[in-house]
Amino acid sequence: MNVVEGRDLTKVYGSIVALDGITFEVRQGEIFGLIGPNGSGKTTTLRILSTLIKPTSGSAIVLGYDVVKDAQKVKSLISYLPGEAGAYQNLSGKEYLHFMANLYASNREELDQMVTAASDISGLGDRLKDKAKTYSQGMGRRLLIARSLMFKPKLAIMDEPTSGLDVVHATYVRRMVKDYVRNFGVTVLLSSHNMLEVDYLCDRIALINTGRLLAVGSPSEVKASARAENLEEAFMKVINNG
Amino acid sequence: MKELRDLLKDPKLLFGMIVVPLLMYPLMGVAINVSTQAVQNSIGTGNFAIMDLDGGNYSSLAVQYFTSLPNVTVNVIQPEQISAAITDAQHLNATTLVVIPQGFSQNVTDRGEVSLQTYTPLKTFATTESAKAGVVSDIISSFSSYLSAYYIQTADPTLNSSVVMQPLQVNATSIVNGEQVDIPPSTLDSIMLSQSFGTPIALMVVIILAMQIAATAIAVEKEQKTLETLLTLPVSRFNILSAKLIGSTVIAGLGAVTTVIGYTYYIDSFSSSFTTATSVSFNLAPSLLFYVILGALLFLTLAFATSLAIVIGVFCEDVRSAQAVVGYLIIPIMIPTFMLLFSDLQSFSTGIQVGLLLFPFSYATIFSKMAYTGNYTIGLLGIGYVLLWTVIVLYIGSRIFSSEKVLTAKFTFSRKKKQRQE
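Same order as they appear, the protein sequences are chains A and B.
Residue numbering for the first sequence follows my numbering, beginning at 239 and increasing consecutively.
Residue numbering for the second sequence follows my numbering, beginning at 1360 and increasing consecutively.
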């Protein structure tokens, strides 16, 4: 079953074509990576799928629901982690997680379970009692990743989950995401610049440039079809050919 | 609840909205009290020096009159040069040197005009100095009355001197809203004036605070990078907008309560120091209906201001831009309020009246001044009019908020400057 089905997705801002009719699917339980340079249309795609913006034409179905017509339903099934995101500065990490869990939990027990799960995912321990404004960038990102996974969404959309993080935090986040998907069957759609990360994390990837999809497949398939030794080389070859 | 919790946890906001109004007015009141107490303490016991250059019976009587007054310290200086007497008076801490000139007794004997010469050195031009001089002046006036009474009694012992000196007594009755009140209109007017000032001033303070909070409600989400996440949560955008509105209005309401409490204390402390004669109790409280209409009008005006600020805030990329835009908006709001604060609506030309009535912020001020008139039409009209505007602004706000503009609209001063620099 496909969790995401994008058909001829196009987004135009004035005279700029941000997305030029892309079509792709994300399968259940996989980690799917959108790979492309800055301004290639990755964030636009993720924003459409998370109901933030509407496509100019084309359609996107998430878990059987149209992102435009059934936006409210889609929002209840997914989580979205923007590339640049923050937590409420005057709330502590724990209070922030409580506030977020409250929006998804149907009872107190469920809420406590979500907060406990998020505490474990974040690995922030006692620092969760401190206000979010005292966190480092890495700690803040770990809190937000925990927020996006704590209620076991059917689809977690993550825009550059490790961007701006040092090696220690980035490694922690990657392992956390991979473990969570394996343990709870969550489907993840992410975007990234980091080829090492993509190779380690993703079951399948799509290479995107100037709003167009250039290649889709598993990292090994993409590498093989481009006759490249690594994803970076494959990416450059595909871009140059595309 | 998150809105409230987040807002209440902001120390800057808590201090500005709750602590400052709660402390500012009482502190101002205390400052005025301390100041007036200081004036009263320093002038409470009049202290002056007197020098009798006449040496006659009546001048001795005058000295005796002054020295016998309660709460007054009178230092008698033996006749000497005026300049030396002034120095002596200053050494004795006397406010004024009163000199009884030669011929004083003879003039009294002849029932003629008499004079006293006073010398008052002013050290500073503070209130205390002029108040002290005023006390001496009052004491001298009382001696003048005493002398008049003496002249009248000795001329015709059958006359009542106090009646001759003030034969006309006016018993003033004010008629307000058909009810007779035994208080002079001037006194009543000053009471009403102080009351009708309170509401518009408190409202203005609260509107400014509410608009500042509301305008930054969306901008702060943009600045802290929480808006995108917020918009993908399973909450409708209309609910988010409503929560922002309610959060800002509740905080502003708290600010209103603390401002009014502080303001009341301030007015009380102010009036208790200066008004003793006007502490008349009279049954002229505005009706319950007046308070209900005023309350509804104040709330709606606040809701309108908050909605307007939120819509403006949507277009601002950061908190600073939002505050700057609201700052500019406050000026046109304040001008009509000030116009109405000092004049009645009727005193303006028809064109200005229409202009003021078209302005949704005017109604609370206009109505608050109609407490005792019993005419509630303008208040009810205002409720409908402000409600209509609130609905219009909310509709526009919800349309903008549910569109992509909430993410793409960028109204920032710093960026424009940067672009110009580039």
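Quick reminder that beta carbons are idealized off the backbone N, C-alpha and C, glycines included.
Being a predicted model, the structure only gives us computed values, none of them experimental.
Can you list, in chain order, the residues of its chain with a C-beta nearer than 8 Å to that of B:L1506? Leave out the 5 residues immediately preceding and following it.
Closer than 8 Å at the Cβ level, and outside the excluded window around B:L1506, lie V1467 and V1473.
Are at least three pairs of beta-carbons, each pair with one atom in the segment 373-390 of chain A and one in the segment 308-325 of chain A, less than 8 Å apart?
Verdict: yes, contact present.
How would you write the range of the beta strand (DSSP E) that A:S429 sits in, first residue to last?
Looking at the DSSP string, the run of the beta strand (DSSP E) that includes A:S429 is T425 to S430.
When DSSP builds the beta bridges, which residues end up paired with A:F270?
In the DSSP output, where bridge partners are listed per residue, A:F270 has A:L427 and A:R442.
Taking the C-alpha atoms as reference points, what is the distance between B:P1719 and B:T1532?
Between B:P1719 and B:T1532, the C-alpha separation is close to 37 Å.
Going by C-alpha distance, which of A:D304, A:V454 and A:P293 is nearest A:R442?
The shortest Cα separation from A:R442 among A:D304, A:V454 and A:P293 belongs to A:V454.
For the segment 1589-1617 of chain B, which residues have a beta carbon sitting closer than 7 Å to at least one beta carbon of chain A?
Against chain A - using a Cβ distance shorter than 7 Å - the residues of the segment 1589-1617 of chain B are L1590, T1591, L1592, P1593, V1594 and S1595.
Quick one: is B:S1638 buried, meaning 16 or more other Cβ sit within 10 Å of its Cβ, or exposed?
Confidence is the limiting factor: at B:S1638 the pLDDT is only 42, short of 50, which leaves the residue's position unreliable and the question unanswerable from this model.
Can you give me the Cβ contacts of B:Q1780 inside the same chain, cut-off strictly under 6 Å, excluding the 5 residues immediately before and after it?
In this predicted model, B:Q1780 has a pLDDT of only 39, less than 50, meaning its place in the structure is not dependable enough to derive any value.
What in chain B is Cβ-close to A:L272, meaning under 9 Å?
Simply none; closest approach about 17 Å.
Starting from the beta carbon of A:I291, find every residue of chain B whose beta carbon is closer than 8 Å, and list them in chain order.
Near A:I291 (Cβ distances below 8 Å), the residues of chain B are E1763 and L1766.
Among residues of its own chain, excluding the 5 on either side of A:T294, which ones have a beta-carbon nearer than 6 Å to its beta-carbon?
T248, K249 and V250, listed in sequence order.
Is the distance from the Cβ of A:I446 to the Cβ of A:K292 below 8 Å?
For A:I446 and A:K292, no; Cβs fall outside 8 Å.
Is DSSP giving A:K280 helix, strand or coil here?
Looking at A:K280 - three-state DSSP - the assignment turns out to be helix.
Going by DSSP, which residues form a beta bridge with A:G244?
Looking at the DSSP assignment, A:G244 forms a beta bridge with A:F262 and A:A298.
What in chain A is Cβ-close to B:K1584, meaning under 8 Å?
Neighbours of B:K1584 on chain A, chain order: P320, E322, A323 and G324.
Mapping DSSP to helix, strand and coil, what is A:V454?
Residue state, collapsed to three classes: strand.
Assuming B:A1453 and B:F1407 make a contact with CB atoms under 8 Å, what is their CB distance in whole Å?
Confirmed, Cβ separation roughly 5 Å.
Does the segment 422-431 of chain A come within contact of the segment 260-272 of chain A, defined as at least 3 CB pairs closer than 8 Å?
The answer is yes - the segment 260-272 of chain A touches the segment 422-431 of chain A, with three or more Cβ pairs under 8 Å.
Kindly indicate the opening and closing residues of the beta strand (DSSP E) around A:M396.
Run containing A:M396: L393 to D397, per the beta strand (DSSP E) assignment.
What residues match up with B:M1410 in a beta bridge as DSSP calls it?
Its beta-bridge partners are B:I1436 and B:V1458.
Just to confirm my understanding: we take B:I1534, look at its own chain, exclude 5 residues before and 5 after, and list those with CB closer than 8 Å. What are they?
The residues are V1540.
My output table needs one value for B:Y1687: the three-state DSSP class, helix, strand or coil.
Note: B:Y1687 maps to helix in three-state DSSP.
Who are the neighbours of B:E1676 on chain A, taking C-beta pairs under 7 Å?
The premise fails here: B:E1676 is roughly 13 Å from chain A at the closest Cβ pair, so nothing lies under 7 Å.
Ends of the alpha helix (DSSP H) at B:E1763?
Note, B:E1763: premise wrong, no alpha helix (DSSP H); not H, not E.
Starting from A:L341, find everything on chain B with Cβ-Cβ shorter than 8 Å and list it in chain order.
Near A:L341 (Cβ distances below 8 Å), the residues of chain B are L1592, P1593 and V1594.
Whole angstroms are fine: how far does the CA of B:P1593 sit from the CA of A:Q310?
So the two alpha carbons sit approximately 6 Å from each other.
Give me the chain B residues within the contact set of A:Q310, using Cβ-Cβ distance strictly less than 8 Å, ordered along the chain.
The contacting residues are P1593 and S1595.
May I have the straight-line CA-CA distance separating B:D1497 from B:L1451, to the nearest angstrom?
Roughly 21 Å separates the two Cα atoms.
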